[in-house]
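Colleague: Take a look at this one; I'll ask things after.
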Amino acid sequence: MHNDLSIFYLITQASLVVQLVMLILLFASLISWTFIISKHKELKRAVRVTEEFESHFWSGGDLSRLYTQLSAQGMQAEGLEKIFIAGYKEFSRMHKISGIPSAEKVANAQRAMRIELAREMDRLDESLPFLATVGSTSPYVGLFGTVWGIMNSFRSLSMAKQATLAQVAPGIAEALVATAIGLFAAIPAVVAYNSFATRIYRLTGRYELFIDEFVVLLQRQAHS
Numbered sequence: 001m002h003n004d005l006s007i008f009y010l011i012t013q014a015s016l017v018v019q020l021v022m023l024i025l026l027f028a029s030l031i032s033w034t035f036i037i038s039k040h041k042e043l044k045r046a047v048r049v050t051e052e053f054e055s056h057f058w059s060g061g062d063l064s065r066l067y068t069q070l071s072a073q074g075m076q077a078e079g080l081e082k083i084f085i086a087g088y089k090e091f092s093r094m095h096k097i098s099g100i101p102s103a104e105k106v107a108n109a110q111r112a113m114r115i116e117l118a119r120e121m122d123r124l125d126e127s128l129p130f131l132a133t134v135g136s137t138s139p140y141v142g143l144f145g146t147v148w149g150i151m152n153s154f155r156s157l158s159m160a161k162q163a164t165l166a167q168v169a170p171g172i173a174e175a176l177v178a179t180a181i182g183l184f185a186a187i188p189a190v191v192a193y194n195s196f197a198t199r200i201y202r203l204t205g206r207y208e209l210f211i212d213e214f215v216v217l218l219q220r221q222a223h224s
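At position 219 of the sequence shown (counting the first as 1) the number is 219 in full-length UniProt numbering, and the numbers step up by one without a gap.
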């Protein structure tokens, strides 16, 4: 009987099914960490872009000039910049058409900003469903590997002439590693999901607040 109970030995000596479960969980954990790092950078940049844009917007400068500058960036415009561009572009287009009520001009601009907001939220929400799936299912996948390994251990134990704890302990230890790996994959995914969801919720609130404030400015401009 082998007395080595190191993690590496337990993994290599586990049954094929348990090893497959461990491999799936490790692969899911690797992808999760890739998404976590990428999403952290993305949200950090989104907040920075929002703060910079709000600083320029509320500095009292000419909105048409700000629109021209941001439009020149093309695909490089991000987040709140895109929302502003969509709203001001639609308002300017409607403003050039005579006979359209001011309320309709503002309403169309607001609708355009809401559409761009929905697109931005879809982009920010990318990868969150995967993190939620990993966080909710990994413990159960690991538990499946554990149950399977324990079943094999007791099956082997039933065939032994003399059953001892030393005979069954390594097999149970192998199986429990699957649960440990499942928790290793799930915990960071759950923590990251909750953190990102909160940050996106707050960012969405800032976007919606800007839309409401910008609509007020457009209403004044429409009646001027």
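Beta carbons are placed, not taken as given, at the ideal position from N, Cα and C, and that holds for glycine. For clarity, every value in this text was computed on a predicted model and none was experimentally measured.
In the DSSP assignment, find the unbroken alpha helix (DSSP H) run with W58 in it and report its ends.
Modeller: Looking at the DSSP string, W58 is not in any alpha helix (DSSP H), and its letter there is neither H nor E.
Colleague: With the cut-off set at 8 Å, would you say S102 and A222 are in Cβ contact?
Modeller: In terms of Cβ geometry, S102 and A222 form a close pair [threshold 8 Å].
Colleague: How many Å lie between Q219 and A107 at the Cα?
Modeller: In a straight line, the C-alpha of Q219 is about 9 Å away from that of A107.
Colleague: Run the CB neighbour count on I181, radius 10 Å, all protein chains shown included, and call it buried at 16 or more, exposed below.
Modeller: Around the C-beta of I181, 16 or more other C-beta atoms lie within 10 Å, and the residue is accordingly described as buried.
Colleague: In whole angstroms, what is the alpha-carbon distance linking E116 and I36?
Modeller: Spanning the two alpha carbons is a distance of roughly 25 Å.
Colleague: Can the beta-carbon of A175 be found less than 8 Å from the beta-carbon of V18?
Modeller: yes
Colleague: Could you check whether the region 138 to 147 touches the region 194 to 213, counting it as contact only if at least three pairs of C-beta atoms, one from each stretch, sit closer than 8 Å?
Modeller: no
Colleague: Is the beta carbon of E90 closer than 8 Å to that of A77?
Modeller: no
Colleague: If you count every other CB in all the chains shown that lies within 10 Å of the CB of F154, and 16 or more means buried, which is it?
Modeller: Exposed.
Colleague: Please state whether DSSP places S127 in a helix, a strand or coil.
Modeller: coil
Colleague: Per DSSP, what kind of secondary structure is H105 in: helix, strand or coil?
Modeller: In the sequence under discussion, the amino acid at residue 105 is Lys, which differs from the His named in the question. Helix at K105.
Colleague: Beta-carbon within less than 6 Å of I200's beta-carbon, same chain only, minus the 5 sequence neighbours each way: which residues are those?
Modeller: L124
Colleague: Since E67 and I83 should fall inside the 8 Å C-beta cutoff, what is the C-beta to C-beta distance between them, to a whole number of angstroms?
Modeller: First, the amino acid is wrong: residue 67 is Tyr here, not Glu. Not quite, the Cβ-Cβ distance comes to about 12 Å (not below 8 Å), so this is no contact.
Colleague: Between which two residues does the alpha helix (DSSP H) carrying K89 extend?
Modeller: 79 to 95
Colleague: How is the alpha helix (DSSP H) around D76 delimited, first residue to last?
Modeller: The sequence given here places Gln at residue 76; Asp does not occur at that position. Segment: none, Q76 is in no alpha helix (DSSP H) and carries neither H nor E.
Colleague: With distances taken Cα to Cα, identify the nearest neighbour of D122 among S64, A28, T204, T179.
Modeller: T204
Colleague: Let me check understanding here. Comparing Cα to Cα, which of G142, N152, A186 lies closest to A178?
Modeller: Cα-wise, what sits closest to A178 is G142.
Colleague: What did DSSP end up calling G99 once you bin it into helix, strand or coil?
Modeller: Secondary structure of G99 (DSSP, three-state): coil.
Colleague: Between M94 and the rest of its own chain, which residues show a CB-CB distance below 8 Å, the 5 nearest in sequence each way excluded?
Modeller: Exclusion of the five residues before and after M94 leaves I100, E104, K105, N108, A109 as the residues of its chain whose Cβ lies within less than 8 Å of its Cβ.
Colleague: Give every residue of the same chain whose Cβ lies closer than 8 Å to the Cβ of W33, excluding the five residues on either side of it in the sequence, and list them in chain order.
Modeller: Here the set comprises P188.
Colleague: Just the C-alpha distance for T133 and K41, rounded to the nearest angstrom, thanks.
Modeller: Cα atoms of T133 and K41: separation of roughly 21 Å, rounded to the nearest angstrom.
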